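Chemist: Residue numbers (the numbering used here): 317 to 630.
Have a look at this one.
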């Protein structure tokens with residue numbers, strides 16, 4: 317149960333300080349129950365431009381260099397959880413990225429979050445030990461080495477890296493080796509979650525075997541927290557429902573899915589692009605989806621969403 321003093325810890329993972337992040341911060345702070353914990357990728361050197369209120373905003377100073385697809389994402393998320401748990405009044409913990417934005421006014425969103433007495437995860441399924449591939453739920457996502465945390469070769473850096481990474485994946489999949497790790501109880505899902513305090517406490521407890529298993533996995537943040545949640549639920553005989561990874565409603569988050577096949581082959585090989593970015597034409601569907609947050613928002617799209625819930629409140 318929560319009381320009127322209960323607060324919400326928003327754990328914000330950001331890779332840049334920009335107008336979108338500032339709008340997200342300002343909007344969430346309109347709910348007095350909001351407490352913001354912000355991790356800025358350590359590749360960003362100047363973090364002094366962020367608004368910070370001692371009571372409501374904590375910008376982490378001990379930061380991690382975060383590389384897309386690497387275990388560094390897990391480490392940064394755990395750092396946020398550990399800091400947020402220091403405030404005993406935080407009863408809900410919500411993971412967001414700097415490009416997320418609330419689809420309703422933040423007080424209404426806060427009411428819905430505090431009313432949620434069960435964890436919210438989008439679980440896609442169990443890693444299949446018999447599936448020898450590097451996509452979806454195939455075991456190669458964890459049994460093959462994926463050096464995403466070597467910053468200079470990360471595929472998101474540039475088009476050349478993206479092309480070379482595609483070649484590496486083909487070679488890596490065919491190479492006659494696999495890491496010797498336990499993969500019988502690993503689960504994959506969206507890395508974004510809403511959890512209660514007792515679950516947050518369990519998440520930050522040391523789990524050396526899981527860390528070892530996922531240290532070189534592909535997108536380990538999608539496996540690490542989902543696995544911890546499923547194991548927590550199974551220990552308590554709580555049923556776990558599965559979410560189609562292709563659906564736009566990923567629990568409390570809405571994310572637009574697009575097909576990449578319309579892009580020319582060379583464009584797909586050399587030009588890294590995120591096909592899930594929300595467009596203005598997607599806003600109505602996002603708002604009507606029932607989700608609490610939209611993902612992959614630009615500053616302009618977030619402004620449009622904010623004007624929508626401002627008009628509704630007027």
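Backbone N, C-alpha and C fix where the C-beta goes; we use that ideal spot for every residue, glycine too.
Note that this is a predicted model, so its numbers are computed, not measured.
1) Quick check: what's the CA-CA separation for residue 317 versus residue 380?
2) State the DSSP-derived secondary structure class of residue 602, mapped to helix, strand or coil.
3) Alpha carbon to alpha carbon, how far is residue 389 from residue 537? Give it in angstroms, no decimals.
4) Less than 8 angstroms between the CB atoms is what I'm expecting for residue 422 and residue 347, so what's the real figure, rounded?
5) Run the CB neighbour count on residue 386, radius 10 Å, all protein chains shown included, and call it buried at 16 or more, exposed below.
6) In chain order, what residues of the same chain lie with their CB nearer than 6 angstroms to the CB of residue 371, ignoring the 5 residues before and after it?
7) Have a look at 611, 601, 602 and flag the residue whose alpha-carbon is nearest the alpha-carbon of residue 593.
8) Measuring alpha carbon to alpha carbon, tell me which of 561, 487, 322, 606 ends up nearest residue 430.
9) Between residue 609 and residue 418, which are expected to be in contact by the criterion C-beta below 8 angstroms, what is the C-beta distance as a whole number of angstroms?
10) So residue 349 and residue 414 are in contact, right, with Cβ under 8 angstroms, and what is the actual spacing, rounded?
11) Please report the straight-line C-alpha distance between residue 541 and residue 533, rounded to a whole angstrom.
12) Over the uninterrupted alpha helix (DSSP H) stretch that includes residue 356, give me the two end residues.
13) Do you know offhand how far residue 526's Cα is from residue 628's?
14) Grouping DSSP H, G and I as helix and E and B as strand, with all else coil, what is residue 317?
15) Hey, quick one: how far does the beta strand (DSSP E) through residue 439 stretch, first residue to last?
16) For residue 383, which option in 499, 406, 393, 603 has the closest C-alpha, if you only look at C-alpha atoms?
17) Between the Cα of residue 465 and those of 357, 568, 326, spot the shortest distance and give me the residue it belongs to.
18) Could you pull the start and end residues of the alpha helix (DSSP H) that residue 407 belongs to?
19) What are the start and end residues of the beta strand (DSSP E) that includes residue 326?
20) Mind reading off the beta-carbon distance from residue 559 to residue 439? Whole number of angstroms is fine, and I expect it under 8 angstroms.
21) Residues in the same chain with beta-carbon distance under 6 angstroms from residue 511, minus the five sequence neighbours each way, listed in chain order, please.
22) Please state whether the Cβ-Cβ distance between residue 498 and residue 549 is less than 8 angstroms.
23) Just to confirm my understanding: we take residue 331, look at its own chain, exclude 5 residues before and 5 after, and list those with CB closer than 6 angstroms. What are they?
24) Starting from the N-terminal side, write out each stretch of the alpha helix (DSSP H) that is 4 residues or longer and does not extend beyond the stretch 509–574.
25) Using only CA atoms, which one of 391, 500, 354 lies nearest to residue 519?
26) Between residue 620 and residue 596, which are expected to be in contact by the criterion C-beta below 8 angstroms, what is the C-beta distance as a whole number of angstroms?
27) For residue 412 and residue 325, what's the separation of their Cα atoms in angstroms?
28) Look at residue 340 and residue 416 and say whether their C-beta atoms are less than 8 angstroms apart.
29) Would you call the CB atoms of residue 516 and residue 401 closer than 8 angstroms?
30) For residue 298, report the span of its alpha helix (DSSP H) as first-last.
Modeler: Working from what's here:
1) Only weak support exists for where residue 317 lies, its pLDDT of 48 falling under 50; the value from the coordinates is given anyway. One C-alpha to the other measures close to 34 angstroms.
2) helix
3) 6 angstroms
4) 4 angstroms
5) buried
6) none
7) 611
8) 322
9) 6 angstroms
10) That pair is no contact at about 21 angstroms.
11) 13 angstroms
12) Residue 356 -> not in any alpha helix (DSSP H); beta strand (DSSP E) instead, spanning 350–356.
13) 45 angstroms
14) Per-residue confidence for residue 317 stands at a pLDDT of 48, beneath the threshold of 50, marking its modelled position as unreliable; the derived number appears in the next sentence. Reduced to three states, the DSSP call for residue 317 is coil.
15) 439–442
16) 393
17) 357
18) Element bounds for residue 407: not the alpha helix (DSSP H) but the beta strand (DSSP E), 406–413.
19) 323–330
20) 6 angstroms
21) 409, 435
22) no
23) 357
24) 513–519, 524–530, 537–551
25) 391
26) 6 angstroms
27) 10 angstroms
28) yes
29) yes
30) Since the displayed the chain opens at 317 and closes at 630, residue 298 lies outside it and no answer follows.
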